[in-house]
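Enquirer: If you number the sequence shown the way this note's numbering does, the last residue is 93 and the count never jumps. In this text, a Cβ means the ideal position worked out from N, Cα and C, and glycines have one as well. Because the structure is a prediction, the values reported are computed rather than measured. Structure incoming, see below.
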Amino acid sequence: MKCSCCDKKLNSGMVHKCDPQTGQQFKSCPHCSFANGHEHVFHPYPASFGKTPARVTARNPDGDQSYCYDCRRLDKGIPSGTYLQGRTCNSLV
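Below, the structure is given as structure tokens:
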């Protein structure tokens, strides 16, 4: 599925700078975005995500987690309720 705001895939995480003056960043959580079903759902980054050496790659040199903390705590197959606390793509444009 694609985001109705930016037309990019909902299952791809992306970092968005919201406020150039403060430097506050937001990252989309693919699990929250899927639960929303229409738009990417963003949470504060890096505070809501974390890092791990297991995720270090050439495309992800810092080892950022793709799912937010709350979604990583869910059992597989359980829909996210955390998406309701995030910011949608159209609120960051």
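How many Å lie between residue 75 and residue 65 at the Cα?
Expert: As a first step, residue 75 is located in the sequence shown; it is residue number 75 there, counting from the start. As a first step, residue 65 is located in the sequence shown; it is residue number 65 there, counting from the start. Taking the straight line from one Cα to the other gives about 17 Å.
Enquirer: In three-state DSSP terms, what is residue 18?
Expert: Looking up residue 18 in the sequence shown gives position 18. Residue 18: strand per DSSP, three-state reduction.
Enquirer: Between the Cα of residue 92 and those of 9, 47, 14 and 48, spot the shortest distance and give me the residue it belongs to.
Expert: Working through the sequence shown from its first residue, we reach residue 92 at position 92. It is 14.
Enquirer: Count the other CB atoms, across all protein chains shown, that sit within 10 Å of the CB of residue 36; report buried if there are 16 or more and exposed otherwise.
Expert: Against the sequence shown, residue 36 aligns to sequence position 36. Under this definition residue 36 is a buried residue.
Enquirer: For residue 81 and residue 57, I'd like the C-alpha separation in whole angstroms.
Expert: One-based indexing of the sequence shown puts residue 81 at position 81. One-based indexing of the sequence shown puts residue 57 at position 57. Residue 81 and residue 57: Cα-Cα distance of roughly 29 Å.
Enquirer: For the beta strand (DSSP E) that contains residue 43, what are its first and last residues?
Expert: To locate residue 43, count along the sequence shown from 1; it is residue 43. Here the beta strand (DSSP E) through residue 43 covers 41-45.
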